[in-house]
Amino acid sequence: MTELTISEVAKQYDLAPSTLRYYERLGLIPNVQQKGNHRVYNEENLEKLNSIVCFKNSGMRMSELQALLSYQESGADLDKILDILNAHEVDVARQLAKLEKYHRHITQKVAFYSAIKQAEATGTPQPDWADYKPEDEA
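The numbering of the sequence shown is the working numbering, which starts it at 112 and goes up by one.
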């Protein structure tokens, strides 16, 4: 069975130990054991933390996260949980669409500036951005 100290968990998840203690105070990571004066996170705690990190890093508000995770602890209203999850899924899909658009733009900029570099090296005419501009920016 996996057991990690707060320092090990903080390092693994790139979080401050104070953030982990905050999540504990909010009840998001319940039942963290103590060994001596040290917190010890078990597999169940780490599974909760995986969910917290996933939802937080994808933009879920703390109040939504608390409501979502409360179901496992108290059997909260499943309709509310599904509403939160469905809304978050839509938000993440919107974020992904924006990121894909930004990625296309960046890819085209790389191609454009690579073509400029090639043109300078070979003494050929400079490229025109209009030839590289992504279609969704036209």
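Backbone N, C-alpha and C define an ideal beta-carbon position, used for all residues, glycine too.
Where the beta strand (DSSP E) through residue i begins and ends
i    : result
L115 : 114-116
R150 : 149-153
K146 : 144-146
Beta-carbon proximity list for residue i, same chain, < 8 Å, skipping 5 on both sides
i    : result
I192 : A178, L179, Y182
L139 : K159, I163, L176, Q177, L180
Straight-line gap, residue i to residue j (C-alpha atoms, nearest Å)
i    : j    : result
A241 : L210 : 21 Å
D202 : Y213 : 17 Å
E248 : D239 : 15 Å
D194 : D188 : 10 Å
A226 : A208 : 27 Å
A127 : Q219 : 37 Å
I163 : R215 : 30 Å
V120 : E175 : 23 Å
Q229 : S169 : 39 Å
H199 : D190 : 14 Å
Y124 : P141 : 18 Å
8 Å Cβ cutoff, residue i in contact with chain D
i    : result
L137 : Checking the listed chains, one finds no chain D in this structure; it contains a single protein chain.
Residue interval of the alpha helix (DSSP H) (run including residue i)
i    : result
R205 : 189-233
E126 : Residue 126 is actually Leu in this sequence, not Glu. No alpha helix (DSSP H) holds L126; DSSP gives it neither H nor E.
Rounded distance between the beta-carbons of residue j and residue i, thought under 8 Å
i    : j    : result
T113 : E158 : Not a contact, Cβ separation roughly 10 Å.
With 16 other Cβ atoms within 10 Å as the buried cut-off, status of residue i
i    : result
I117 : buried
L160 : buried
V221 : exposed
Y152 : buried
Cβ-based neighbour list, residue i, same chain, cut-off 7 Å, excluding 5 preceding and 5 following
i    : result
E135 : V143
G147 : none
P245 : R215, H216, Q219
Contacts around residue i, its chain only, beta-carbon distance under 6 Å, and the 5 residues preceding and following it disregarded
i    : result
Q206 : none
F166 : L176
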